[in-house]
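Visitor:
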Amino acid sequence: MTSELNDFHDSEGQEIPGELPLMAVRDVVIFNYMIIPLFVGRPASVGAVNDAMSKDKLLMLVTQKDASLDEPQSEDMYDVGMV
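Each residue of the sequence shown is one higher than the last, beginning at 12 in our numbering.
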């Protein structure tokens, strides 16, 4: 699953690509400059992390609305996330 972005730059001026690997996170909201452990175990999450690491190391993190869902779809996630 990828996330489509419109010509964004981060606070340090790095250009963010138009599409990024997307990982849904449960029971946590990610904010700028947060340092937290992320437990990656679902196949889609492992795939997103591997995809990010093989390219530019950027990953879109989006909180899912219902933490009990194992395979959330786009409508199951909030509209705002963090790179």
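Ideal placement from N, C-alpha and C gives every residue a C-beta, glycine not left out.
M93 and I41 look like a contact to me (Cβ under 8 Å); what is the Cβ gap, rounded to whole Å?
Guide: Going by Cβ atoms, the distance from M93 to I41 rounds to 4 Å, so yes, they are a contact pair.
Visitor: Taking C-alpha atoms, which residue in L72, Y44, P32 lies nearest to G58?
Guide: If we check each option's Cα against that of G58, P32 comes out closest.
Visitor: Go ahead and pull the three-state DSSP assignment for P54.
Guide: Correct three-state label for P54: helix.
Visitor: Let's test the definition: count the other Cβ atoms within 10 Å of the Cβ of M64 and tell me whether it reaches 16, buried, or not, exposed.
Guide: It is exposed - the Cβ of M64 has fewer than 16 other Cβ atoms within 10 Å.
Visitor: Please tell me whether L70 and I27 are closer than 8 Å, where the distance is taken between their beta carbons.
Guide: Cβ distance not < 8 Å, so L70 and I27 don't count as in contact.
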